[in-house]
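Asks:
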Amino acid sequence: MPRYFVLTWLLALLPTVHSDAGSPDLLERLTKEGPKAWADYWKRIAEFNQHEFLIHSRNSDGRIFHARTTLKRNRERDKFLAEQFIDSDRLGKDLSLWLLRRDYACELTKKLGSDVWLVTALYLDVEKKPKEYWDWLGLGGTWGMWELNVPTIHILPGNYKTIGELIAEYGLLVETCEPSARDRSKVNLVLKSSRSELLPGKEARELGHRLRRMVLELDPQRHWIVLRGETLEDTVETTVQGSFFLDTREIGGITLPSKYERQYTRLTKATKTKEVHYELREYKFVRDSPPDEEFELTYYGIPAAIAARPAGGPKTWQWLALTGAVLLAVGVGIYWWLGRRQAAPSR
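Residue 152 is where the sequence shown starts when you use this note's numbering, and the numbers rise one by one after that.
1. Out of Glu381, Gly315 and Arg361, which has the shortest C-alpha to C-alpha gap to Gly352?
2. Rounded to the nearest angstrom, what separates Glu184 and Gly295 at their Cα positions?
3. How do the region 245 to 264 and the region 222 to 234 stand: do at least 3 beta-carbon pairs fall below 8 angstroms, yes or no?
4. Identify which residue in Asp370, Arg356, Ala355 and Ile318 has its Cα closest to the Cα of Glu499.
5. If I measure Cβ to Cβ from Pro101 and keep anything under 7 angstroms in the same chain, skipping five residues before and after, which residues do I get?
6. Could you spell out the range, first to last residue, of the beta strand (DSSP E) harbouring Leu362?
7. Please name the residue, chosen from Thr419, Arg346 and Leu307, that lies closest to Leu431 on a Cα-to-Cα basis.
8. Round the Cβ separation of Val377 and Tyr415 to the nearest angstrom and send it over; I've been treating them as touching at under 8 angstroms.
9. Can you list, in chain order, the stretches of the beta strand (DSSP E) that have 3 or more residues and sit fully within the region 268 to 348?
10. Using only the alpha-carbon positions, how far apart do Arg224 and Arg209 sit?
11. Can you look up Pro408 in the DSSP assignment and give me helix, strand or coil?
12. Taking DSSP as the reference, what is the three-state secondary structure of Ala256?
13. Can you tell me whether DSSP reads Trp375 as helix, strand or coil?
14. Between Val325, Arg356 and Glu198, which lies nearest to Gly292 when the distance is taken from Cα to Cα?
15. Starting from Val437, follow its DSSP beta bridges and name the residues at the other end.
16. Check this for me: beta carbons of Leu259 and Tyr451, under 8 angstroms apart or not?
17. Identify which residue in Gln201, His374 and Ala421 has its Cα closest to the Cα of Gly404.
18. What is the residue span of the alpha helix (DSSP H) that Thr182 lies within?
19. Taking 8 angstroms as the cut-off, does the region 270 to 287 touch the region 200 to 215 (at least 3 CB pairs, one atom from each stretch)?
20. Relative to the C-alpha of Lys410, which residue among Trp297, Phe395 and Gly322 is closest?
21. State the Cα-Cα distance for the pair Glu354 and Glu388, rounded to the nearest angstrom.
22. How many angstroms separate the CA atom of Gly289 from the CA atom of Thr406?
23. Would you list the residues sitting across from Leu251 in a DSSP beta bridge?
24. Let me check understanding here. Comparing Cα to Cα, which of Glu447, Asp238 and Pro454 lies closest to His207?
25. Quickly, what does DSSP pair Asn210 with across the bridge? List them, please.
26. Is the number of C-beta pairs between the region 321 to 335 and the region 190 to 205 that are closer than 8 angstroms three or more?
27. Which of helix, strand or coil does DSSP assign to Gly499?
28. Please list, in chain order, all residues of the same chain as His305 whose beta carbon is under 8 angstroms from its beta carbon, the five residues on each side excluded.
29. Go ahead and pull the three-state DSSP assignment for Leu448.
30. So, are the CB atoms of Leu299 and Ile196 less than 8 angstroms apart?
31. Give the secondary structure of Asp443 by DSSP, where H, G and I count as helix, E and B as strand, and everything else as coil.
32. Please report the straight-line C-alpha distance between Leu425 and Leu350, rounded to a whole angstrom.
33. For Glu368 versus Lys343, is the C-beta spacing smaller than 8 angstroms?
Listed below in structure tokens is the structure:
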């Protein structure tokens, strides 16, 4: 079920089940307008055929992490690729690529600075299991109609959940829904936990066990998108307070995220020590499809014969297994024949 249908009935329950206080008029507007606006927003974002986002993060102990993810889809929506570059102290500097087509799927990898892509996996049964391979690519939605996670709708410090999912899965209540003090044309939605007690960290494995409060600033004039927010997580041992905000840009009449910044501080109560984390994300959206050759293995220097598939014939590994079995049988036969020759004079 698409996520916006879930939001429809969840938000319909907000005024009577989850609401404690706030502006009834604004809450009613959010209930009525939100699901339809988000459904339209998802549909329009899905029309972009290229999506890229960069991640830069650092924390107070000096660790730094960089990553780039690029998603592409051809015009006919039957070929897709996802490329990821990671640069970190622990993970090294590698590029990985996943290519999905109707006739095959494969994984490629290479070291930064190298011109050589290596095939690490090749699958030739995509036609038999298209849904399984679509899930393998990890783009959400259904074949050809991906569901991209964007911070204007998905709350990153809320495990990429939407507002409806936060309420349903984490049991949050609406504390207030009223005009923002920063900008009266915006709306502040304040969610709070329905839990009264704090849990020890070893028991608070789910975010819903730790999340105490969340403030979200929404823009009712632009699909009720999220523009900024604050979060509070709390356990017996630690407190995590954070804030985030977005820069946006207009492309073809839709407001898209261009930059997302988040900072949060983790306090260890027993020692009074603090860790500060900072994260920057940059987003790019392109409506046009890339050239068709980008969805061919030859584009990455891989010989076309590697992906060749005999019509109705065995897979590559089956040919290799058969060849190995034949060679083994021949070797055993020669060994047995030589043994008989050496034993003949003694008789």
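Glycine included, each C-beta is placed from N, C-alpha and C at the ideal position.
Please read these numbers as outputs of a predicted model, since none were measured by experiment.
Replies: So, from the data block:
1. Arg361
2. 27 angstroms
3. Because the criterion of three Cβ pairs below 8 angstroms is met, the region 245 to 264 and the region 222 to 234 touch.
4. Examination of residue 499 is not possible in this model, given that the chain is present from 152 through 498 alone.
5. For the chain, the structure presents residues 152 to 498; residue 101 sits outside this window and is missing.
6. First-last of the beta strand (DSSP E) with Leu362: Leu362 to Asp370.
7. Leu307
8. Val377 to Tyr415, Cβ: 16 angstroms. No contact.
9. 269 to 274, 323 to 330 and 338 to 344
10. 32 angstroms
11. strand
12. strand
13. coil
14. Glu198
15. Gln201
16. Less than 8 angstroms divides the Cβ of Leu259 from the Cβ of Tyr451.
17. Out of Gln201, His374 and Ala421, His374 has the C-alpha closest to the C-alpha of Gly404.
18. Pro175 to Ile196
19. Contact between the region 200 to 215 and the region 270 to 287 is absent, because fewer than three Cβ pairs lie under 8 angstroms.
20. Phe395
21. 11 angstroms
22. 24 angstroms
23. Phe231 and Ala256
24. Asp238
25. His428
26. no
27. Outside the shown range of the chain, which is 152 to 498, sits residue 499, and nothing can be said about it.
28. Here the set comprises Tyr311, Lys312 and Thr313.
29. helix
30. yes
31. helix
32. Here residue 425 turns out to be Lys, not Leu, going by the sequence shown. Those two C-alpha atoms are separated by around 20 angstroms.
33. no
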